[in-house]
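To start, the structure under review is shown below, and the notes come after it.
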Amino acid sequence: MVVDPRRRELGAFLRSRRERLDRAALGLPAGGRGRTAGLRREEVSVFSGVSITWYTWLEQGRDIHPSRQVLLAVADALRLTDAERRYVLDLAGYAPPRPARVEEAPAHVQRLMDALPHPAYALAPDWGMAGWNAAYERLYPPIADVARGERNLLWLVFTDPYVRRLLDDWDVTSRRFLAEFRAEAARSADPHVAQLVQALIEASPEFRAGWESYDIGGFESRERVFHLPDGRAMTFEHHQLRPSDRPDLQVVLYTPV
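Position 71 of the sequence shown, counting from 1, maps to 132 under my numbering, and the rest follow consecutively.
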């Protein structure tokens, strides 16, 4: 039996969130046999009002079609965050899929970035870098020489030593990027995304550990510090915009603090 990759991901994610819950914090006794955390499937069934068979099938990635109401009831039982709820709904098909690949930003988006005095770049849904401006190239000069097949933000963050040195808090930023990417990737059924993930699992132990944690996060504007080769440190505020006529692209820009 061939299992839909997104159903398999949904099942694995629900299981990971079920097993991480703190029983004591929920007012529940220890689960027996040394279990001090995590709910049983039967308990999720009771808390969500969903049959144990139906919930088990969800975790197993079976070919079932849960309603939005059922998924939200399960999300309540598992204490999911807003970003995790969106991720579950996306995986279950309750968000319109977006194309994964955009080879090059359209001319009007490129002109927008070129008009900005500060670093900016455009990301496709698979986080391929579809364009950037001169200020970004000054911040990260190697970008123009990266092969098109490797010109992906997640790939560069986890495999390029230059990027690791550039980022002030690589450990934190890389995990945040991964959580944001995973949330975005739920909307795409393009096999290229799965190939990218598999390549990163093989190329980066840090990525593999982060991917296995099933962290989900949404974008939040924040301050970022970059360490340049000449010894300078530059602080920017990190923002994200989506052109209304090209919502499949996210334009990321840095404004000086």
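All C-beta atoms in this analysis are idealised placements derived from N, C-alpha and C, irrespective of residue type, glycine included.
**Message:** Within a Cβ cutoff of 7 Å, which residues of the same chain sit near Gly72, ignoring the five residues on either side of it in sequence?
**Reply:** Counting from one through the sequence shown, the residue named residue 72 turns up at place 11. Shown here for Gly72: same chain residues with a beta carbon closer than 7 Å to its own, the five before and five after excluded, namely Leu119, Glu120, Gln121 and Gly122 in chain order.
**Message:** Assuming Phe297 is part of the beta strand (DSSP E), what are its boundary residues?
**Reply:** Your numbering for residue 297 matches position 236 in the sequence shown. Run containing Phe297: Ala294 to Leu302, per the beta strand (DSSP E) assignment.
**Message:** Can you look up Val207 in the DSSP assignment and give me helix, strand or coil?
**Reply:** Counted from its first residue, the sequence shown places residue 207 at position 146. If DSSP states are grouped into helix, strand and coil, Val207 belongs with coil.
**Message:** Does Ala98 come out as helix, strand or coil in the three-state DSSP assignment?
**Reply:** Numbered from its first residue, the sequence shown carries residue 98 at position 37. In the structure shown, the three-state DSSP call for Ala98 is strand.
**Asked** CB Val170 to CB Leu302, shorter than 8 Å?
**Response** Counting from 1 along the sequence shown, the entry for residue 170 is found at position 109. Counting from 1 along the sequence shown, the entry for residue 302 is found at position 241. At least 8 Å separates the beta-carbon of Val170 from that of Leu302.
**Outcome for Gly292 when other beta-carbon atoms lying within 10 angstroms are tallied against a minimum of 16** = Taking the sequence shown and counting its residues from 1, the one referred to as residue 292 is at position 231. Residue environment for Gly292: exposed (fewer than 16 other C-beta atoms within 10 angstroms of its C-beta).
**Prompt:** Which word fits Arg209, buried or exposed, when buried means at least 16 other C-beta atoms lie within 10 angstroms of its C-beta?
**Reply:** For the purposes of this step, residue 209 is taken as residue 148 along the sequence shown, with counting starting at 1. It is exposed - the Cβ of Arg209 has fewer than 16 other Cβ atoms within 10 Å.
**Prompt:** Straight-line CA distance for Leu173 to Tyr182?
**Reply:** The residue given as residue 173 occupies position 112 in the sequence shown. The residue given as residue 182 occupies position 121 in the sequence shown. Between Leu173 and Tyr182, the C-alpha separation is close to 10 Å.
**Item:** Touching by the beta-carbon criterion (3+ pairs, under 8 Å), the region 266-280 and the region 237-249
**Value:** Taking 8 Å as the limit for Cβ pairs, the verdict is that the region 237-249 does touch the region 266-280.
**Asked** Using a Cβ-Cβ cut-off of 6 Å (strictly less than) and excluding sequence neighbours within five positions of Ala191, which residues of its own chain qualify?
**Response** Here residue 191 is taken as the residue at index 130 of the sequence shown, counted from 1. Annotation for Ala191: Val163, Glu165, Ala166, Ala183 and Ala185 place their beta carbon closer than 6 Å to its own, counting only its chain and skipping 5 residues before and after.
**Request:** Just the C-alpha distance for Pro304 and Ser109, rounded to the nearest angstrom, thanks.
**Result:** Counting from 1 along the sequence shown, the entry for residue 304 is found at position 243. Counting from 1 along the sequence shown, the entry for residue 109 is found at position 48. Cα atoms of Pro304 and Ser109: separation of roughly 38 Å, rounded to the nearest angstrom.
**Request:** Throw me the rounded Cβ distance for the Arg102 and Tyr116 pair, which I believe falls under 8 Å.
**Result:** As a working mapping, residue 102 is identified with position 41 in the sequence shown. As a working mapping, residue 116 is identified with position 55 in the sequence shown. A Cβ-Cβ separation of about 6 Å places Arg102 in contact with Tyr116 under the 8 Å criterion.
**Asked** Nearest to Val218 by alpha carbon, out of Asp206, Ala205 and Val233?
**Response** Counting from one through the sequence shown, the residue named residue 218 turns up at place 157. The alpha carbon of Val218 has as its nearest neighbour, out of Asp206, Ala205 and Val233, the alpha carbon of Val233.
**Asked** Considering only residues of the same chain and omitting the five flanking positions on each side of Val111, which have a CB-CB separation below 7 Å?
**Response** What you label residue 111 is simply residue 50 of the sequence shown in a count that begins at 1. Excluding sequence positions up to five before and after Val111, its CB lies within less than 7 Å of the CB of Val131, Ala134 and Val135, all in the same chain and listed in chain order.
**Message:** If I measure Cβ to Cβ from Glu145 and keep anything under 6 Å in the same chain, skipping five residues before and after, which residues do I get?
**Reply:** Taking the first residue of the sequence shown as 1, we reach residue 145 at position 84. So the qualifying residues of the chain are Ile277.
**Message:** By the three-class DSSP mapping on this structure, what secondary structure does Ala91 have?
**Reply:** Position 30 of the sequence shown, counting from 1, holds the residue named residue 91. Of the three classes helix, strand and coil, the one that applies to Ala91 here is coil, per DSSP.
**Prompt:** Could you check where the beta strand (DSSP E) with His288 kicks off and where it finishes?
**Reply:** Numbered from its first residue, the sequence shown carries residue 288 at position 227. Residues Arg283 to His288.
**Asked** Along the chain, where does the beta strand (DSSP E) that runs through Thr316 open and close?
**Response** The sequence position of residue 316 within the sequence shown is 255, counting from 1. According to the DSSP assignment, Thr316 belongs to the beta strand (DSSP E) that extends over Gln311 to Pro317.
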